[in-house]
Amino acid sequence: MSNPAPAPADTAPDAPAPERQALQQALAGLLDSVAQLGVARGVPVAEVEELLRQAYVRRAAQAHPGLPEHRKVSRISTTTGLHRREVARLVQLLAEPAAEAPRPRARSLASEVFTHWRTQPPFRGADGEPCVLPRLGPAPSFEALAQAVTRNVHARSLLDELCRLGVARWDVQADTVAVVREGFVPGNDETQSLAFLGDNVGDHLRAAVQNVLGGDNRQHFEQAVFASGLSAASVASVRPVVRAQWQALLQALVPLLEAHVEHDGALDPPPQGRLRVGLYTYQEGAAAEPPVPPLEPVRARARRKG
Numbered sequence: 001m002s003n004p005a006p007a008p009a010d011t012a013p014d015a016p017a018p019e020r021q022a023l024q025q026a027l028a029g030l031l032d033s034v035a036q037l038g039v040a041r042g043v044p045v046a047e048v049e050e051l052l053r054q055a056y057v058r059r060a061a062q063a064h065p066g067l068p069e070h071r072k073v074s075r076i077s078t079t080t081g082l083h084r085r086e087v088a089r090l091v092q093l094l095a096e097p098a099a100e101a102p103r104p105r106a107r108s109l110a111s112e113v114f115t116h117w118r119t120q121p122p123f124r125g126a127d128g129e130p131c132v133l134p135r136l137g138p139a140p141s142f143e144a145l146a147q148a149v150t151r152n153v154h155a156r157s158l159l160d161e162l163c164r165l166g167v168a169r170w171d172v173q174a175d176t177v178a179v180v181r182e183g184f185v186p187g188n189d190e191t192q193s194l195a196f197l198g199d200n201v202g203d204h205l206r207a208a209v210q211n212v213l214g215g216d217n218r219q220h221f222e223q224a225v226f227a228s229g230l231s232a233a234s235v236a237s238v239r240p241v242v243r244a245q246w247q248a249l250l251q252a253l254v255p256l257l258e259a260h261v262e263h264d265g266a267l268d269p270p271p272q273g274r275l276r277v278g279l280y281t282y283q284e285g286a287a288a289e290p291p292v293p294p295l296e297p298v299r300a301r302a303r304r305k306g
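Following full-length UniProt numbering, the numbering of the sequence shown begins with 1 at its first residue and continues without gaps.
This is the structure we're talking about:
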């Protein structure tokens with residue numbers, strides 16, 4: 001009796017299923033950008049791994065609500081593949097107040113002032129661009145603009161913050177204030193830029209993950225258009241169209257959202273829902289990107305592996 005023919009390589013028992021392969025490819029794509037940021041800023045692998053372990057344990061605990069304390073460590077260990085001793089360490093660490101799950105930051109008044117400036121007719125010219133405003137006085141002035149957003153923070157403090165972030169300029173001699181950037185992208189504050197990265201990309205990723213996990217019940221709007229084989233000139237020609245569409249969307253959304261915030265703020269108890277709407281572009285290959293020289297990683301303390 002002849003021996004059976006060996007199975008083809010692509011059907012080997014240990015070959016991952018197509019769904020697992022797709023999942024691994026998706027995770028690899030996400031982690032590649034995480035690695036790029038970490039290498040550029042000198043973050044060692046051990047530091048990122050610790051954050052990943054904490055996130056895994058946090059999410060595993062949320063996936064098993066109501067689990068008795070005496071079973072929590074074993075169940076999380078089974079779910080995550082981490083050693084029980086490591087899970088126990090992380091559960092204790094995450095129980096500390098300072099180890100709460102990362103949350104999007106509270107409202108940014110400087111960002112709201114900037115957005116109000118770019119979208120509200122009293123503060124925009126006939127061409128739709130934000131006006132150069134006198135610093136003080138009745139509307140349209142920067143003082144009136146700031147007070148339209150909040151009366152709890154002095155207009156001068158908001159002006160100083162916008163100037164510090166490099167999105168506005170104060171002409172001291174003329175005592176006028178002007179917008180110097182198209183979007184609220186701080187040019188002088190990497191801490192602020194990293195916070196925006198975590199907030200914007202974090203919510204985009206949360207929306208995408210929830211859509212995938214929800215199957216046909218996709219809760220979040222998430223659409224994109226893709227094109228390849230483009231020259232640098234072709235890519236550049238698309239940017240003004242995207243910017244114009246973003247400005248049109250802002251001008252429609254901001255008054256609507258401000259009205260809802262004012263109305264809902266009077267409800268008792270006040271609702272806790274939040275919404276983020278964004279638009280992004282990404283291009284590569286049309287123009288070479290200069291490599292960012294890596295920083296030397298900070299030496300991490302030795303830690304027991306799970």
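Think of the CB as a built atom: it goes at the ideal place given N, C-alpha and C, for glycine as much as any other residue.
Handout entry: From Ser141, Gln62, Ala88 and Tyr56, residue whose alpha carbon lies closest to that of His70
Key = Ala88
Exercise for the section: Determine the direct distance from the alpha carbon of Ala146 to that of Gly137, and round the result to whole angstroms. Expected result: One Cα belongs to Gly137, the other to Ala146, and the distance between them is close to 12 Å.
Practice task
Would you mind giving the Cβ-Cβ distance between Leu109 and Val149, rounded to the nearest angstrom? I have them listed as a contact below 8 Å.
Solution key: Contact holds; Cβ gap of about 6 Å.
Practice task
Output yes or no for whether 8 Å exceeds the beta carbon distance between Gly278 and Asn200.
Solution key: yes
Practice task
Tell me whether the beta-carbon of Leu177 lies closer than 8 Å to the beta-carbon of Leu133.
Solution key: The sequence given here places Val at residue 177; Leu does not occur at that position. Yes, the Cβ-Cβ distance between Val177 and Leu133 is below 8 Å.
Handout entry: First and last residue of the uninterrupted alpha helix (DSSP H) at Val87
Key = Arg84 to Leu94
Problem - Arg135 beta carbon less than 8 Å from that of Glu129 - result: no
Exercise for the section: Please confirm whether Gln192 and Leu159 have their CB atoms less than 8 Å apart. Expected result: Result no, Cβ atoms of Gln192 and Leu159 do not sit closer than 8 Å.
Handout entry: Environment of Thr115 [buried if 16+ CB atoms lie within 10 Å]
Key = By the neighbour-count rule (16 or more Cβ atoms within 10 Å), Thr115 is buried.
Exercise for the section: Give a yes or no on contact between the region 244-256 and the region 211-221, applying the rule of three or more CB pairs nearer than 8 Å. Expected result: no
Handout entry: Residue burial classification, Val73 (beta-carbon count within 10 angstroms, cutoff 16)
Key = Residue environment for Val73: buried (at least 16 other C-beta atoms within 10 angstroms of its C-beta).
Practice task
Assuming Pro140 contacts Cys131 (C-beta within less than 8 Å), just tell me the rounded distance between them.
Solution key: 6 Å
Handout entry: Coil, strand or helix - Pro121 by DSSP
Key = helix
Problem - Of the residues Val34, Ser111 and Gly265, the one placed nearest Glu182, counting alpha carbons only - result: The alpha carbon of Glu182 has as its nearest neighbour, out of Val34, Ser111 and Gly265, the alpha carbon of Ser111.
Problem - Gly306 to Val45 span [Cα, whole Å] - result: Bear in mind that a pLDDT of 43 at Gly306, under 50, signals an unreliable position, so the model cannot answer this.
Handout entry: Residue of Gln173, Val43, Val113 and Trp246 minimising C-alpha distance to Ser157
Key = The candidate whose alpha carbon is nearest that of Ser157 is Val113.
Exercise for the section: Flag this pair as yes or no: are the beta carbons of Ala208 and Glu222 separated by less than 8 Å? Expected result: yes
Handout entry: Asp216 in three-state terms, based on DSSP
Key = coil
Exercise for the section: Determine the contact status of Leu90 and Arg59, defining contact as a CB-CB distance below 8 Å. Expected result: no
Problem - Contact set for Leu94: own chain, Cβ-Cβ below 7 Å, skip 5 residues either direction - result: Gln54, Val57 and Arg58
Practice task
State buried or exposed for Glu161, treating a residue as buried only when at least 16 other CB atoms are found within 10 Å of its CB.
Solution key: buried
Handout entry: Supposed contact pair Val235 and Gln283 - C-beta distance, whole angstroms, cut 8 Å
Key = 5 Å
Exercise for the section: May I have the straight-line CA-CA distance separating Gly81 from Arg75, to the nearest angstrom? Expected result: Rounded to whole angstroms, Gly81 and Arg75 show a C-alpha spacing of 10 Å.
Handout entry: Nonlocal neighbours in the same chain, by C-beta distance under 8 Å from Asp34, ignoring five residues either side
Key = Checking the sequence, you will find Val at residue 34 rather than Asp. Excluding positions up to five away in sequence, the list reads Val48.
Problem - Option in Leu194, Val153, Thr119 and Gly202 with minimal Cα separation from Arg37 - result: In the sequence as presented, Arg is not what sits at residue 37; that position holds Leu. Per the Cα distances, Leu194.
Practice task
Would you mind sorting Val43 into buried or exposed? The rule is 16 or more other CB atoms within 10 Å of its CB.
Solution key: Under this definition Val43 is a buried residue.
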